[in-house]
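Visitor:
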Ligand SMILES: CC(C)(COP(=O)(O)OP(=O)(O)OC[C@H]1O[C@@H](n2cnc3c(N)ncnc32)[C@H](O)[C@@H]1OP(=O)(O)O)[C@@H](O)C(=O)NCCC(=O)NCCS
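In the UniProt record's numbering, the protein residues as written are 1 to 260.
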């Protein structure tokens with residue numbers, strides 16, 4: 001009798017723990033505790049020289065509440081993610097993504113971060129996918145296509161600690177999974193946002209997801225336009241400035257390559 005009970009237990013189907021449903025929404029209130037939690041996650045997960053002050057992002061959320069679709073300017077979005085029924089619990093914030101649709105150019109994903117406790121659960125992927133959809137709606141409101149979404153990432157130095165290389169591996173895998181391609185042949189020189197006025201520019205790798213424009217249309221010439229456009233539209237660097245010319249020197253032949 002006892003034996004029978006043991007074997008019944010052994011063969012009972014093992015119930016996997018339920019993974020809570022993830023909810024993604026747009027932040028409109030910079031003073032909301034969830035938005036504040038996103039600010040903390042942002043500062044914890046990104047080095048100072050790669051990030052703008054969080055106050056600038058708060059300001060853009062405040063402005064967004066008033067804005068209507070505009071054919072100039074940026075359509076900025078901060079999206080947050082948390083498990084269902086915990087959207088008011090700052091300790092449960094799973095991640096955020098921040099970026100914009102730039103009319104006449106394309107999409108630009110500025111920053112993304114996932115809480116340590118929520119990593120490798122598909123949160124990063126969900127945030128990217130949701131962000132792409134939001135930008136598609138922005139473009140649609142203006143009757144424009146969304147040719148691509150572009151984003152930057154800092155590759156660790158060869159002697160960087162293992163932890164940095166691990167995050168780089170996570171980024172690359174994520175970028176690949178969301179349909180991104182690497183723009184090979186370009187070191188994008190971006191301004192250094194640290195407090196040191198003499199700090200060197202930060203070299204970034206660029207990644208692009210073709211959306212309404214087919215991947216084959218991103219020839220070297222088109223990619224130079226896209227990269228130059230990023231300098232001009234986002235960083236206000238015109239041709240002839242050190243960062244623009246350092247990024248696109250004569251003979252630069254960018255091409256899309258698989259991320260991995
Ligand atoms: C990079 C980051 C956003 C990934 O978020 P995430 O929610 O863990 O990613 P996902 O769970 O959606 O995973 C996407 C893919 O990457 C893989 N992945 C995630 N972490 C990984 C790791 N440490 N090593 C290898 N692969 C990893 C996942 O397995 C998944 O691939 P799969 O679908 O083949 O299984 C997260 O690690 C992070 O916030 N890092 C710190 C901040 C940062 O680097 N931001 C990006 C700045 S550009």
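Where is the CB? At the ideal position from N, CA and C, for every residue including glycine. Predicted model only: the values in this text are computed from it and were never measured.
Taking one C-beta from the segment 63–71 and one from the segment 80–87 each time, how about it: are there three or more such pairs within less than 8 angstroms?
Guide: With the cut-off at 8 angstroms, the segment 63–71 and the segment 80–87 do not touch.
Visitor: Quick check on DSSP: helix, strand or coil for residue 55?
Guide: Residue mapping note: residue 55 aligns to position 55 of the chain shown, counting from 1. Residue state, collapsed to three classes: helix.
Visitor: Would you tell me roughly how many angstroms separate the C-alpha atoms of residue 41 and residue 110, rounded to the nearest one?
Guide: Counting from one through the chain shown, the residue named residue 41 turns up at place 41. Counting from one through the chain shown, the residue named residue 110 turns up at place 110. Their backbone Cα atoms lie some 15 angstroms apart in a straight line.
Visitor: As a quick exercise: from 258, 248, 257 and 204, pick the residue whose alpha carbon is nearest that of residue 152.
Guide: As a first step, residue 152 is located in the chain shown; it is residue number 152 there, counting from the start. Residue 204 is the option with its Cα nearest to residue 152.
Visitor: Between residue 51 and ligand 1, is there a pair consisting of the residue's CB and a ligand heavy atom that are separated by less than 7 angstroms?
Guide: Here the question's residue 51 lines up with position 51 in the chain shown. Residue 51: no, Cβ never under 7 angstroms from ligand 1.
Visitor: Helix, strand or coil for residue 256 per DSSP?
Guide: The residue you call residue 256 lines up with position 256 of the chain shown. Strand.
Visitor: Count the other CB atoms within 10 Å of the CB of residue 28; is the residue buried (16 or more) or exposed (fewer)?
Guide: Taking the chain shown and counting its residues from 1, one reaches residue 28 at position 28. Counting Cβ neighbours within 10 Å, residue 28 comes out exposed, since fewer than 16 surround it.
Visitor: Report, in whole angstroms, the separation of the C-beta atoms of residue 190 and residue 201, which I expect to be a contact under 8 angstroms.
Guide: If you number the chain shown from 1, residue 190 lands on position 190. If you number the chain shown from 1, residue 201 lands on position 201. Going by Cβ atoms, the distance from residue 190 to residue 201 rounds to 6 angstroms, so yes, they are a contact pair.
Visitor: By Cβ distance below 8 angstroms, which residues in the same chain neighbour residue 243 in space, the five residues on each side in sequence not counted?
Guide: By 1-based counting over the chain shown, the position of residue 243 is 243. Contacts found: 189, 190, 191, 201, 231, 235 and 237.
Visitor: Which of helix, strand or coil does DSSP assign to residue 130?
Guide: Here residue 130 is taken as the residue at index 130 of the chain shown, counted from 1. In this structure, residue 130 counts as helix in the three-state DSSP scheme.
Visitor: Just reading off the alpha helix (DSSP H) that residue 169 is part of, what are its end residues?
Guide: Stepping through the chain shown from its first residue, residue 169 is reached at position 169. Start and end: 162–177.
Visitor: Would you tell me roughly how many angstroms separate the C-alpha atoms of residue 9 and residue 91, rounded to the nearest one?
Guide: The residue given as residue 9 occupies position 9 in the chain shown. The residue given as residue 91 occupies position 91 in the chain shown. Bear in mind that a pLDDT of 46 at residue 9, under 50, signals an unreliable position, so the model cannot answer this.
Visitor: Start and end of the alpha helix (DSSP H) containing residue 38?
Guide: To locate residue 38, count along the chain shown from 1; it is residue 38. Looking at the DSSP string, the run of the alpha helix (DSSP H) that includes residue 38 is 33–45.
Visitor: How would you write the range of the beta strand (DSSP E) that residue 246 sits in, first residue to last?
Guide: Here residue 246 refers to the residue found at position 246 when the chain shown is read from its first residue. Unbroken run through residue 246 is the alpha helix (DSSP H), 242–247; no beta strand (DSSP E).
Visitor: For the putative contact between residue 176 and residue 253, defined by C-beta atoms under 8 angstroms, what is the C-beta separation to the nearest angstrom?
Guide: For the purposes of this step, residue 176 is taken as the residue at position 176 of the chain shown. For the purposes of this step, residue 253 is taken as the residue at position 253 of the chain shown. Actually they are not in contact, since the Cβ atoms of residue 176 and residue 253 sit about 23 angstroms apart, beyond 8 angstroms.
Visitor: Below 7 angstroms, is the gap between the Cβ of residue 173 and the nearest heavy atom of ligand 1?
Guide: Here the question's residue 173 lines up with position 173 in the chain shown. Indeed, a heavy atom of ligand 1 lies less than 7 angstroms from the Cβ.
Visitor: Would you say residue 24 touches ligand 1, meaning its beta carbon is less than 7 angstroms from a heavy atom?
Guide: By one-based count along the chain shown, residue 24 stands at place 24. Not under cutoff, so the answer is no.
Visitor: Can you confirm whether the segment 114–124 touches the segment 156–169 when touching is taken to mean that 3 or more C-beta pairs between the two stretches lie within less than 8 angstroms?
Guide: Flag = no, the segment 156–169 and the segment 114–124 do not touch.
Visitor: Within the present structure, is the beta-carbon of residue 230 separated from the nearest heavy atom of ligand 1 by less than 7 angstroms?
Guide: Counting from one through the chain shown, the residue named residue 230 turns up at place 230. Not under cutoff, so the answer is no.
Visitor: Does ligand 1 have a heavy atom nearer than 7 angstroms to the CB of residue 121?
Guide: Taking the first residue of the chain shown as position 1, residue 121 is located at position 121. Answer for residue 121: yes, Cβ within range of ligand 1.
Visitor: Kindly indicate the opening and closing residues of the beta strand (DSSP E) around residue 27.
Guide: Taking the first residue of the chain shown as position 1, residue 27 is located at position 27. No beta strand (DSSP E) holds residue 27; DSSP gives it neither H nor E.
Visitor: Looking at the strands, I want to know which residues DSSP matches up with residue 101.
Guide: Start at 1 with the first residue of the chain shown, and residue 101 comes out as number 101. For residue 101, which the question treats as bridged, DSSP gives the partners 75 and 107.
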